[in-house]
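Trainee:
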Amino acid sequence: MKNLAILVVAMILFSSCVTSQVTAKNVDSFPLRTEELEWWHYNPFYPHFYPKPHWPFPTTGKALPPIPAGFHPIPFHPPPVVTKCLADCKDVKTCLADIAKAFFTRKPAIGLDCCASIQKMDEDCDKTVFGAYHNPFFDCVVKLHCSTKAKSTPSAPTPA
108 MKNLAILVVA MILFSSCVTS QVTAKNVDSF PLRTEELEWW HYNPFYPHFY PKPHWPFPTT
168 GKALPPIPAG FHPIPFHPPP VVTKCLADCK DVKTCLADIA KAFFTRKPAI GLDCCASIQK
228 MDEDCDKTVF GAYHNPFFDC VVKLHCSTKA KSTPSAPTPA
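Whatever position you read off the sequence shown (first residue = 1), add 107 for my numbering.
Okay, here's the thing in structure tokens:
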């Protein structure tokens with residue numbers, strides 16, 4: 108049993124010596140290689156992240172130019188079903204842009220006109236307008252914002 112243990116240890120040492128020599132020859136064969144070997148890429152338990160996408164233009168530290176007036180972030184015409192659901196709103200594109208901005212920034216900032224049409228929507232229209240965001244709580248957050256916004260507006264003065 109003792110001989111078997113010694114034999115196993117000798118085999119492990121020999122194989123590690125051969126492996127390190129082969130690896131050293133491979134590393135030395137690339138004289139222009141200056142980066143360090145990064146072992147964590149080969150760890151099966153380390154999460155694999157794909158290369159980070161880069162902006163196609165070099166960053167100069169300057170802000171992007173402002174969006175021209177009259178340019179809508181949604182360049183297409185909304186589907187007729189959505190237009191029917193938001194029929195009370197004067198500008199459906201702006202309302203949809205406000206809803207999308209509220210989703211991506213997580214800060215609902217929706218106009219009064221759009222809020223009024225959102226509060227009048229039925230359940231089918233809720234699924235049509237908010238279903239694309241795949242978040243069951245998003246429509247509730249927007250409706251809560253709209254209900255508090257409607258309450259916070261001052262009432263019209265009564266004629267004297």
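Where is the CB? At the ideal position from N, CA and C, for every residue including glycine.
Everything numeric in this text was worked out from a predicted model, so none of it was measured.
Using a Cβ-Cβ cutoff of less than 6 Å, which residues in the same chain neighbour H252 once the five nearest sequence positions on both sides are dropped?
Mentor: Residue mapping note: residue 252 aligns to position 145 of the sequence shown, counting from 1. Within the same chain, H252 has close Cβ partners P215.
Trainee: Is it buried or exposed for D231, if we count other Cβ within 10 angstroms and need 16 for buried?
Mentor: Position 124 of the sequence shown holds residue 231. Label assigned to D231: exposed.
Trainee: Given that a residue counts as buried once 16 or more other Cβ atoms are within 10 Å of its Cβ, and exposed if not, what is L203?
Mentor: Position 96 of the sequence shown, counted from the first residue, corresponds to residue 203. Answer is buried; the Cβ neighbour count reaches 16.
Trainee: Around the C-beta of S224, are 16 or more other C-beta atoms found within 10 angstroms, so that it is buried, or is it exposed?
Mentor: Taking the sequence shown and counting its residues from 1, the one referred to as residue 224 is at position 117. Buried, because 16 or more other Cβ atoms sit within 10 Å of the Cβ of S224.
Trainee: Can you list the alpha helix (DSSP H) stretches of 4 or more residues lying completely in the region 188-236, in chain order?
Mentor: Runs found: 199-212, 219-226.
Trainee: Taking the C-alpha atoms as reference points, what is the distance between K191 and T201?
Mentor: To locate residue 191, count along the sequence shown from 1; it is residue 84. To locate residue 201, count along the sequence shown from 1; it is residue 94. C-alpha separation (whole angstroms): 15 Å.
Trainee: Do D246 and D233 have their beta-carbon atoms positioned less than 8 Å apart in this structure?
Mentor: Within the sequence shown, residue 233 is the residue found at index 126, counting from 1. Within the sequence shown, residue 246 is the residue found at index 139, counting from 1. In this structure, D246 lies closer than 8 Å to D233 by Cβ.
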